Amino acid sequence: MIGRPVERRGPAVKFCGLTRLQDAAEGARLGARYLGAIFAGGPRLVSSASAAQIFSAGRAAAALSWQSVPRCVGVMGTQSPSEIAELAGEASLDAVQLHADPTPEHVQRVREATGREVWAVLRVEGAALPPNAAELFAAADAVVLDAKVNGKLGGTGVALDWLALHDAAAAVRGATRLVLAGGLTPGNVTRAAEAMHPDVVDVSSGVEEAPGQKDHALMRAFAQGAAAVAPRTQPGTPSQ
Ligand SMILES: O=C(O)c1ccccc1NCC(=O)[C@H](O)[C@H](O)COP(=O)(O)O
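When we follow this note's numbering, the leftmost residue of the sequence shown carries the number 1, and every step to the right adds one.
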């Protein structure tokens, strides 16, 4: 369905794990700021040639629907910086997301090799951030908080304990963008974003009918849930 774009006031939206042109186009029409494709294995793996077509469909749909052109993110696993640079060129990526527990040194090497923005993923288990959180926020252009699940790198559908993590994330994020991922759905994205104040909300399995196949009604509901996030109040602002 081609509907009206969702008005965006809350955090930016990233639809990740895209494998089909029509899903990328729908994400762009809904005003998603970011589209993601997986080069890290698993059921949503795509080739660089497929990713280039998927992203091209998203960029074209944005232009036709007067939305801003989405930035296209490639999700990497254990590839070397030079392999990541090759994929980034072939798939016309704007940013690379490092999902295999990157160190700050790896982030820097990938930035030098690709000339792209580098997003580092912090995989979180329980109510505490990993000990290297502050270093990664200092090194990366954005940090993605995602659930740590043994045997899976991402796309787990497992949610974080947002209320417990808020203070720890606030203490280390500084000016680096915070991307909240892990188990987000149309039904919980507003609550999650109001708890964590992320710059971006990132969803994959929560808007799918099957792995890699997005449900457009769920995508729309997710974008609406993100747009419904209440504005952040400044500490000390009197309530009305
Ligand atoms: O989505 C995958 O299959 C995947 C596989 C390997 C590494 C990363 C992967 N996904 C990364 C993402 O950016 C997902 O959006 C993120 O993990 C959130 O997934 P979900 O909990 O399903 O919304």
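All C-beta atoms, glycine included, are put in the ideal place defined by N, C-alpha and C.
Quick caveat: nothing in here was measured; it's all calculated off a predicted structure.
When Pro81, Leu64, Asp94 and Val124 are compared, the shortest CA-CA separation from Gly74 is found for Asp94.
Contact between the stretch 50-63 and the stretch 75-85 is absent: fewer than 3 CB-CB pairs across the two stretches fall below 8 angstroms. Between the alpha carbons of Asp161 and Gly126 lies a gap of roughly 7 angstroms. For the beta strand (DSSP E) assignment, the uninterrupted runs of no fewer than 3 residues enclosed by the stretch 127-200 are, from N- to C-terminal side, 142-147 and 177-180. For Phe222, the secondary structure class from DSSP, reduced to helix, strand or coil, is helix. In the structure shown, Arg109 adopts helical secondary structure according to DSSP, grouped into three states.
Separation of Ser47 and Phe39 (C-alpha to C-alpha, rounded to the nearest whole angstrom) is 7 angstroms. At least one heavy atom of ligand 1 lies closer than 8 angstroms to the C-beta of Val158. A direct Cα-to-Cα measurement between Ala164 and Ala128 gives close to 8 angstroms.
With fewer than three CB-CB distances shorter than 8 angstroms, the stretch 134-142 does not count as touching the stretch 180-191.
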